[in-house]
Every structure is written in structure tokens, then in C-alpha cells.
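Engineer:
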Amino acid sequence: GAGVSQTPSNKVTEKGKYVELRCDPISGHTALYWYRQSLGQGPEFLIYFQGTGAADDSGLPNDRFFAVRPEGSVSTLKIQRTERGDSAVYLCASSKTGPSGANVLTFGAGSRLTVL
Amino acid sequence: GQNIDQPTEMTATEGAIVQINCTYQTSGFNGLFWYQQHAGEAPTFLSYNVLDGLEEKGRFSSFLSRSKGYSYLLLKELQMKDSASYLCGLTGGGNKLTFGTGTQLKVEL
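Protein sequence lines, in the order shown, are assigned to chains A and B.
Just so we're aligned, residue 8 is where the first sequence starts under this note's numbering, counting upward by one.
Just so we're aligned, residue 756 is where the second sequence starts under this note's numbering, counting upward by one.
#1: Let me check understanding here. Comparing Cα to Cα, which of P77(A), E51(A), S94(A), G58(A) lies closest to S101(A)?
#2: Would you call the CB atoms of S838(B) and K812(B) closer than 8 Å?
#3: When the Cα atoms are used, what is the spatial distance from V19(A) to G47(A)?
#4: For the ligand NAD, is there a heavy atom less than 7 Å away from the beta-carbon of L809(B)?
#5: Using beta carbons (cut-off 8 Å, strictly below), is E832(B) in contact with chain A?
#6: If the cut is a Cβ gap below 9 Å, which residues of chain B does L98(A) touch?
#7: Kindly list, in the order they appear in chain A, the residues whose Cβ is closer than 9 Å to that of L806(B).
#8: Does chain B have any CB closer than 8 Å to the CB of Q87(A)?
#9: Taking 8 Å as the threshold (beta carbon to beta carbon), is A116(A) in contact with chain B?
#10: Straight-line CA distance for Q774(B) to K823(B)?
#11: Leaving out five residues before and five after V805(B) in sequence, what residues of the same chain have Cβ atoms less than 6 Å from its Cβ?
#12: Do you know offhand how far D89(A)'s Cα is from L112(A)'s?
#13: Between F73(A) and A61(A), what straight-line distance do the alpha-carbon atoms span, to the nearest angstrom?
#14: Please state whether DSSP places K861(B) in a helix, a strand or coil.
#15: Taking the beta strand (DSSP E) that V7(A) falls in, what are its first and last residues?
#16: If the criterion is Cβ atoms closer than 8 Å, does the pair Y97(A) and G79(A) meet it?
#17: Rounded to the nearest angstrom, how far is the Cβ of Y54(A) from that of L67(A), given a contact under 8 Å?
#18: Per the contact definition of three or more C-beta pairs closer than 8 Å, is the region 37-51 of chain A in contact with the region 766-783 of chain B?
#19: Does the Cβ of S34(A) have 16 or more other Cβ atoms within 10 Å, making it buried, or fewer, making it exposed?
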């Protein structure tokens, strides 16, 4: 597509529930990133995919968080047993290759997650 | 690991020049990025520095000194629409782009 598309734009859930957030990157972009952003903070890195594989998942806060990109395009961020502290805007970005070099990340509008 | 510091807030006057500083410590360095983020919107790319010196792009310029772990973003002829958060980010030895907390710039009349 023309830009990075994220769905849903807003998700309200109850503590303990399971949530999936979807990201559809720009066509042809091999690298895909997930970030989490809380109010007044910069985006916090979660995970980076190069193709189908997770090249760096060092930012995932714990084992409740998991992300997949089975065909090297669309990615899903999965959060199990949600907690109130998971409430944030989850941003997805894509780029033509990895972030080294002048490979610019294009961000989606984000999915705002609220855990009650 | 990486550590990025930038001021939390700045205020400037329409038509003026403002400089937003960013200092960093990192175990590896591939590049320094600046992004702009308006409230409720996605970050958008502004500039990229990999070598020391100044990169100019219209009203926006970015400077890098790798030996000092220092960068700044310079905004000239400020407009009200420049009110936004400005994110300093860097890629270190790995392949992830890490951001600072962002500097919230308010442009006043």
C-alpha cells in the first residue's frame, strides 16, 4: 500500500485478555519494526524483523509479548494476559532494508491500546 | 547499550531560530536521525547524519559530532506548525533505531 497501515486504530480491553495488533507495511519494504509509546515519551523499541525472521527482539518487555511476520509482509503483535501497564500507542514502521545507513523508517498511525 | 538525552520542553517565538540539542552514549554508531511528531500523529523523518558536520534541508539543519556524542537540530524561520515533539534517535552496533524521550517544542506568537 501507499503507507504503513495499522489496525485497529483503537483497542479497549480488560485486564487479563489477549490482544492482537496488525501492521501492513509499505509494499517492498523488507524491514519491519514495532515500537511502544507512552504519553510524553519517545517510541520504545520492541522488535525488528528482516524478512520473516526477528532480527532483534531485545525490546520485548516479557514473554507475554510476541510478534510474527510469517510471509515477510504483514506482522502481528500479540499480547497475552494484558496488564494496565501495557496501555500505550503501539507504532509499526517499515523500511527498505535495515536501519543502518540512511534507510528511513516510515511509521504507521499507531494502535492505541487501553487496558482497563 | 545506548543512552540518549534531550531537553523535555522548549519554547520559541514565531519567526525565530531554535536549536534542539541531543547528547548520546553508545557502544556502536551507524547513524543519527531526527524525527518530528505532531500530537496524536506518527513520527515523520526529518534528517540523518552519519558523518560529522552540518546537513541542511530547507528550514531544518542537523549537526553531528561523533567524538563528542552530540547532535543538534536547527529550525529557522519558525512557524506555528513547527510546534511538535522532536525525536533524536540513533542506530548503534546492532540494527535497531533507539529514540530519546523527545523534545516538545512550543512556538508562540
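Note that CB positions come from ideal geometry on N, CA and C, so glycine has one too.
Computed from a predicted structure; not experimentally measured.
Structural biologist: According to the structure shown:
#1: Counting from 1 along the first sequence, the entry for residue 101(A) is found at position 94. Among P77(A), E51(A), S94(A), G58(A), the Cα nearest to that of S101(A) is on G58(A).
#2: The sequence position of residue 838(B) within the second sequence is 83, counting from 1. The sequence position of residue 812(B) within the second sequence is 57, counting from 1. It is not a contact, given that the beta carbons lie outside the stated cut-off.
#3: Within the first sequence, residue 19(A) is the residue found at index 12, counting from 1. Within the first sequence, residue 47(A) is the residue found at index 40, counting from 1. Spanning the two alpha carbons is a distance of roughly 20 Å.
#4: Only the bare structure without any ligand can be found here, which leaves the ligand NAD out of the picture.
#5: Mapped onto the second sequence, residue 832(B) falls at position 77. Answer no: the Cβ-Cβ gap between E832(B) and chain A never drops below 8 Å.
#6: The residue given as residue 98(A) occupies position 91 in the first sequence. Result: A797, P798.
#7: Looking up residue 806(B) in the second sequence gives position 51. At a C-beta separation below 9 Å, L806(B) has no neighbours in chain A, since its nearest C-beta there lies roughly 11 Å away.
#8: Here the question's residue 87(A) lines up with position 80 in the first sequence. At a cut-off of 8 Å, the C-beta of Q87(A) has no neighbouring C-beta in chain B.
#9: Position 109 of the first sequence, counted from the start, is the residue given in the question as residue 116(A). For A116(A), the answer is yes, since a Cβ of chain B falls inside 8 Å of its Cβ.
#10: Taking the first residue of the second sequence as 1, we reach residue 774(B) at position 19. Taking the first residue of the second sequence as 1, we reach residue 823(B) at position 68. Approximately 17 Å between the Cα atoms of the pair.
#11: Mapped onto the second sequence, residue 805(B) falls at position 50. Answer for V805(B): G786, listed in chain order.
#12: Translated into positions along the first sequence, residue 89(A) becomes position 82. Translated into positions along the first sequence, residue 112(A) becomes position 105. Position check: residue 89(A) holds Thr in this sequence, whereas Asp was assumed. Roughly 28 Å separates the two Cα atoms.
#13: One-based indexing of the first sequence puts residue 73(A) at position 66. One-based indexing of the first sequence puts residue 61(A) at position 54. The straight-line gap from Cα to Cα measures roughly 10 Å.
#14: On the second sequence, position 106 is the one that residue 861(B) refers to. The answer is strand: DSSP assigns K861(B) an E or B state.
#15: Outside the shown range of chain A, which is 8 to 123, sits residue 7(A), and nothing can be said about it.
#16: Translated into positions along the first sequence, residue 97(A) becomes position 90. Translated into positions along the first sequence, residue 79(A) becomes position 72. Not closer than 8 Å, so no.
#17: Against the first sequence, residue 54(A) aligns to sequence position 47. Against the first sequence, residue 67(A) aligns to sequence position 60. Strictly speaking, residue 54(A) in this sequence is Ile, with Tyr absent from that position. Sure, about 6 Å apart at Cβ, within 8 Å.
#18: Touching, no, given that fewer than three Cβ pairs across the two stretches are closer than 8 Å.
#19: Start at 1 with the first residue of the first sequence, and residue 34(A) comes out as number 27. With fewer than 16 other beta carbons inside 10 angstroms of its own, S34(A) counts as exposed.
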